[in-house]
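Undergrad: Following the numbering used here, the numbering of the sequence shown begins with 17 at its first residue and continues without gaps.
Virtual Cβ for every residue (Gly too), placed ideally from N, Cα, C.
A quick note: this is a predicted structure, and the numbers were derived from the prediction, not measured.
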Amino acid sequence: MTEEILDESEVYHIRKQKLGELRQQGFNFPNHFHRQHLAAELLKDYDGFEKDALAEKPVHVTIAGRIVLRRIMGKASFFHIQDVSGRIQVYVRQNDLPEVYEQFKHWDLGDIVGVEGVLFKTNTGELTVHAEQVELLTKSLRPLPDKYHGLSDQEMKYRKRYVDLIANEDSRKTFIIRTQLIKALRQFMDNHRFLEVETPMMHPIPGGALARPFVTHHNTLDMQMFLRIAPELYLKRLVVGGFECVYEINRNFRNEGISTRHNPEFTMIEFYQAYADYNDLMDFTEQLLHFLCDEVLGSRQVTYQDWVIDFAKPFARMTVKEAVLHHHPEIEAQQLETVDGCRSLLKQLGLAFKPTDGLGKLQMILFEETVEQLLIQPTFITGYPTEVSPLARRSNSNPDVTDRFEFFIAGREIANGFSELNDAEDQAERFHKQVAEKDAGDLEAMHFDSDYIEALEYGMPPTAGEGIGVDRLVMLFTNSQSIRDVILFPHLRQL
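See below:
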């Protein structure tokens with residue numbers, strides 16, 4: 017009886033019986049197999065050989081992987097095994113391996129095997145391993161997803177990523193690209209003489225971003241602690257200490273909503289450079305994206321959803337107000353200059369705001385709700401209000417805005433950077449304002465961090481810093497619609 021007509025529980029029961037029979041015959045899961053070759057490497061090196069050339073000069077190989085396809089045909093059979101690099105076909109014949117062949121006919125899709133043999137070309141020209149030895153390494157008890165459709169249930173892909181990776185080549189490619197991108201990030205930072213560091217994941221005071229933290233308790237110290245929402249304040253302490261160019265690639269945690277763009281646990285690269293300003297970092301970011309495109313994708317044109325993102329052209333730069341006016345030509349510039357003008361605009365657009373929101377927050381509501389999603393090509397937005405930028409340095413030309421930028425691609429914020437506030441008194445004043453907002457009910461407002469103020473009082477050189485969302489970059493580079501597609505084990509509600 018074929019497994020295709022059985023339900024999963026019946027297949028599981030039958031395979032358990034098979035494993036029991038194997039154990040009675042003395043089978044134990046081997047703990048070693050000396051694999052010497054990968055499928056993709058063999059195909060790369062030998063697929064171009066003619067059939068006669070392989071026959072004249074035999075190539076001996078040792079491979080291992082999971083059986084993902086098989087055709088049993090009496091006294092000879094073909095099967096495909098899949099390893100981390102790809103798939104390759106194996107030919108096994110009863111005359112060569114009489115005892116093993118009888119066992120092989122009872123093995124299942126999903127079983128992991130080791131094969132020794134020689135390469136040859138079939139009559140159809142497919143590179144194949146003619147098996148001289150075949151060994152069962154691991155018995156699979158659960159059936160693989162349908163070979164034609166893979167694992168198609170989207171939520172099941174997230175819950176059982178291990179099955180998704182077995183069944184879906186696109187998923188495997190996504191996470192290989194993720195690894196390559198992070199490697200390239202490190203390479204670029206190291207090449208520019210940045211020092212990679214590690215800062216605490218548990219903080220006594222949450223800070224570095226406007227977000228709700230996860231709260232935990234340290235039993236030995238008997239103190240409340242917070243999973244970090246950003247490493248910013250610790251990295252800037254290191255700049256005070258003399259590490260002038262530092263970066264960290266690690267997870268942040270924010271106790272907020274889950275969406276296609278947000279996961280409570282996510283990966284960022286955050287970096288700080290002394291004796292630089294936010295203009296320098298915009299140039300640096302442009303160079304970084306060029307490097308990542310070249311190294312990871314080999315192209316500066318990236319297809320994402322319905323767009324072709326062009327990283328070859330100079331990235332656009334405009335202020336928050338300029339962006340609003342550009343995408344809303346019906347709005348008069350003077351309407352953005354007063355609280356009443358912004359409130360009127362938001363009411364006309366049906367956008368909610370709080371009575372206590374100042375001009376800066378009102379401007380940002382208008383920008384975030386009506387403009388962000390329109391920024392498809394790489395765009396730097398500058399001129400962020402001081403009111404919503406508690407850690408950024410005020411602009412010399414206008415103290416109501418900061419020397420800050422956010423970087424957008426495909427309607428999503430990818431990066432946030434600014435010239436750092438290194439005036440301890442100004443920083444303390446802004447912390448006090450954040451505390452007042454927290455007392456008024458703003459759960460995302462910052463705490464007062466007296467130790468950080470003390471660090472600034474020792475003197476921090478002029479510095480610029482930036483955080484880039486690694487997950488969102490991976491989404492872009494892999495044409496993934498949801499952040500869950502690029503996180504191996506995203507958070508889900510328990511069943």
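Going by DSSP, what residue range makes up the beta strand (DSSP E) through threonine 232?
TA: Counting from one through the sequence shown, the residue named residue 232 turns up at place 216. For threonine 232, the enclosing beta strand (DSSP E) covers residues 231-234.
Undergrad: Excluding the 5 residues preceding and the 5 following asparagine 432 in the sequence, name in chain order all residues of the same chain whose CB lies nearer than 6 Å to its CB.
TA: Indexing the sequence shown from 1 puts residue 432 at position 416. The residues are Glu422 and Gly483.
Undergrad: Could you give the DSSP three-state label for threonine 354: helix, strand or coil?
TA: Your numbering for residue 354 matches position 338 in the sequence shown. Three-state DSSP puts threonine 354 in coil, outside helix and strand.
Undergrad: Please determine, among Asn139, Leu437, Ser411 and Leu153, the residue with the shortest C-alpha to C-alpha distance to valine 129.
TA: As a working note, residue 129 is residue 113 in the sequence shown. Among Asn139, Leu437, Ser411 and Leu153, the Cα nearest to that of valine 129 belongs to Leu153.
Undergrad: Okay, do the stretch 367-375 and the stretch 322-329 touch, 3+ Cβ pairs below 8 Å being the bar?
TA: no
Undergrad: Throw me the rounded Cβ distance for the valine 417 and proline 401 pair, which I believe falls under 8 Å.
TA: Position 401 of the sequence shown, counted from the first residue, corresponds to residue 417. Position 385 of the sequence shown, counted from the first residue, corresponds to residue 401. About 6 Å separates the CB atoms of valine 417 and proline 401; that is less than 8 Å, so the two are in contact.
Undergrad: Could you round the C-beta distance between valine 355 and leucine 375 to whole angstroms and report it? I think they count as a contact, below 8 Å.
TA: What you label residue 355 is simply residue 339 of the sequence shown in a count that begins at 1. What you label residue 375 is simply residue 359 of the sequence shown in a count that begins at 1. Their Cβ separation, rounded to whole angstroms, is 5 Å, which keeps valine 355 and leucine 375 in contact under 8 Å.
Undergrad: Look at the alpha carbon of leucine 38 and the alpha carbon of glutamate 132, and state the distance between them as a whole number of angstroms.
TA: Taking the first residue of the sequence shown as position 1, residue 38 is located at position 22. Taking the first residue of the sequence shown as position 1, residue 132 is located at position 116. Cα to Cα, leucine 38 sits roughly 22 Å from glutamate 132.
Undergrad: Out of Phe259, His219 and Asn279, state which residue places its alpha-carbon closest to the alpha-carbon of leucine 237.
TA: Taking the first residue of the sequence shown as position 1, residue 237 is located at position 221. Comparing Cα positions, the closest option is His219.
Undergrad: Go through its chain and collect everything with a Cβ distance to glutamine 351's Cβ below 8 Å, but skip five positions before and after it.
TA: Here residue 351 corresponds to residue number 335 of the sequence shown, with the count starting at 1. Excluding five sequence positions before and after glutamine 351, the CB atoms of its chain that fall closer than 8 Å to its own CB belong to Gly357, Cys358, Ser360 and Leu361, given in chain order.
Undergrad: Just to confirm my understanding: we take phenylalanine 307, look at its own chain, exclude 5 residues before and 5 after, and list those with CB closer than 7 Å. What are they?
TA: Taking the first residue of the sequence shown as position 1, residue 307 is located at position 291. Cβ within range, chain order: Ala200 and Phe204.
Undergrad: In terms of residue numbering, what span does the beta strand (DSSP E) encompassing histidine 76 cover?
TA: Stepping through the sequence shown from its first residue, residue 76 is reached at position 60. Counting along the chain, histidine 76 sits inside the beta strand (DSSP E) bounded by residues 76-89.
Undergrad: With a threshold of 6 Å on Cβ separation, who are the neighbours of leucine 35 within its own chain once the five nearest residues in sequence on each side are excluded?
TA: The count along the sequence shown starts at 1 and reaches residue 35 at position 19. The answer, listed in chain order, is Lys155.
Undergrad: Using only alpha-carbon positions, find the residue among Cys261, Ala461 and Glu151 that is nearest to arginine 51.
TA: For the purposes of this step, residue 51 is taken as residue 35 along the sequence shown, with counting starting at 1. With respect to the C-alpha of arginine 51, the residue from Cys261, Ala461 and Glu151 having the closest C-alpha is Glu151.
Undergrad: Out of Tyr320, Phe447, Asp206 and Val77, which one is the CA nearest neighbour of cysteine 261?
TA: Within the sequence shown, the letter at position 245 stands for residue 261. Of the candidates Tyr320, Phe447, Asp206 and Val77, the one whose C-alpha sits nearest the C-alpha of cysteine 261 is Asp206.
Undergrad: Under the assumption that leucine 167 contacts aspartate 180 (Cβ atoms under 8 Å), give the Cβ distance between them as a whole number of angstroms.
TA: For this step, residue 167 is matched to residue 151 along the sequence shown. For this step, residue 180 is matched to residue 164 along the sequence shown. Contact holds; Cβ gap of about 5 Å.
Undergrad: Tell me the rounded alpha-carbon separation between histidine 96 and asparagine 139.
TA: Position 80 of the sequence shown, counted from the first residue, corresponds to residue 96. Position 123 of the sequence shown, counted from the first residue, corresponds to residue 139. Going from the Cα of histidine 96 to the Cα of asparagine 139 covers about 17 Å.
Undergrad: Counting C-beta neighbours from all protein chains within 10 Å, is the total for phenylalanine 383 16 or more, i.e. buried, or is it exposed?
TA: Here the question's residue 383 lines up with position 367 in the sequence shown. By the 10 Å Cβ count, phenylalanine 383 comes out buried.
Undergrad: If you follow the beta strand (DSSP E) that isoleucine 499 is part of, which residue opens it and which one closes it?
TA: Here residue 499 refers to the residue found at position 483 of the sequence shown. Here isoleucine 499 belongs to no beta strand (DSSP E), and DSSP marks it neither H nor E.
Undergrad: Pick out whichever of Arg87, Gln364, Gln119 and Val100 has its Cα sitting closest to the Cα of phenylalanine 43.
TA: Position 27 of the sequence shown, counting from 1, holds the residue named residue 43. Of the listed residues, the one whose Cα sits closest to phenylalanine 43 is Gln119.
Undergrad: Pull up the distance between the alpha-carbon of aspartate 310 and that of methionine 217, whole angstroms please.
TA: For the purposes of this step, residue 310 is identified with residue 294 of the sequence shown, where counting begins at 1. For the purposes of this step, residue 217 is identified with residue 201 of the sequence shown, where counting begins at 1. Spanning the two alpha carbons is a distance of roughly 32 Å.
Undergrad: Note down the Cα distance separating threonine 301 from proline 330, rounded to an integer number of angstroms.
TA: Taking the first residue of the sequence shown as position 1, residue 301 is located at position 285. Taking the first residue of the sequence shown as position 1, residue 330 is located at position 314. Cα-Cα distance, rounded: 12 Å.
Undergrad: Who does tryptophan 323 pair with in a DSSP beta bridge?
TA: In the sequence shown, counting from the first residue as 1, residue 323 sits at position 307. DSSP, once it has assigned bridges, lists Tyr320 as partnering tryptophan 323.
Undergrad: Around the Cβ of leucine 390, are there at least 16 other Cβ atoms within 10 angstroms (buried) or fewer (exposed)?
TA: Taking the first residue of the sequence shown as 1, we reach residue 390 at position 374. So leucine 390 counts as exposed.
Undergrad: Specify, as a first and last residue, the run of the alpha helix (DSSP H) that methionine 462 falls within.
TA: In the sequence shown, counting from the first residue as 1, residue 462 sits at position 446. The continuous stretches of alpha helix (DSSP H) do not include methionine 462, and DSSP gives it neither H nor E.
Undergrad: Per DSSP, serine 435 is paired with what?
TA: On the sequence shown, position 419 is the one that residue 435 refers to. Answer by DSSP bridge pairing, in chain order: Ala480.
Undergrad: What number of angstroms, rounded off, separates the C-alpha of isoleucine 182 from the C-alpha of threonine 283?
TA: Along the sequence shown, one-based indexing puts residue 182 at 166. Along the sequence shown, one-based indexing puts residue 283 at 267. Straight-line Cα distance between these residues: approximately 24 Å.
Undergrad: Determine the contact status of threonine 232 and asparagine 266, defining contact as a CB-CB distance below 9 Å.
TA: As a first step, residue 232 is located in the sequence shown; it is residue number 216 there, counting from the start. As a first step, residue 266 is located in the sequence shown; it is residue number 250 there, counting from the start. Contact flag unset, no.
Undergrad: Once DSSP output is grouped into helix, strand and coil, what is the label at serine 93?
TA: Taking the first residue of the sequence shown as position 1, residue 93 is located at position 77. If DSSP states are grouped into helix, strand and coil, serine 93 belongs with the strands.
Undergrad: Restricting to runs no shorter than 3 residues, where is the beta strand (DSSP E) found entirely within the stretch 376-427?
TA: 395-398 and 420-425
Undergrad: For histidine 146 versus leucine 160, is the C-beta spacing smaller than 9 Å?
TA: Numbered from its first residue, the sequence shown carries residue 146 at position 130. Numbered from its first residue, the sequence shown carries residue 160 at position 144. Not a contact, by the Cβ cut-off of 9 Å.
Undergrad: Does the stretch 241-255 come within contact of the stretch 462-473, defined as at least 3 CB pairs closer than 8 Å?
TA: yes
Undergrad: Does the count of Cβ pairs from the stretch 477-495 and the stretch 281-299 closer than 8 Å reach three?
TA: yes
Undergrad: Is it true that the CB of threonine 144 sits closer than 9 Å to the CB of isoleucine 192?
TA: One-based indexing of the sequence shown puts residue 192 at position 176. One-based indexing of the sequence shown puts residue 144 at position 128. No, these two residues do not count as a Cβ contact at 9 Å.
Undergrad: Less than 7 Å between C-beta atoms, sequence neighbours within five positions excluded: which residues of the same chain meet that for arginine 194?
TA: Translated into the one-based positions of the sequence shown, residue 194 becomes position 178. Counting only Cβ-Cβ distances below 7 Å, and skipping sequence neighbours, we find Val490 and Val502.
Undergrad: Given this structure, state the Cα-to-Cα distance separating glutamine 41 from serine 93, to the nearest angstrom.
TA: Against the sequence shown, residue 41 aligns to sequence position 25. Against the sequence shown, residue 93 aligns to sequence position 77. Each residue's Cα considered, the two are about 24 Å apart.
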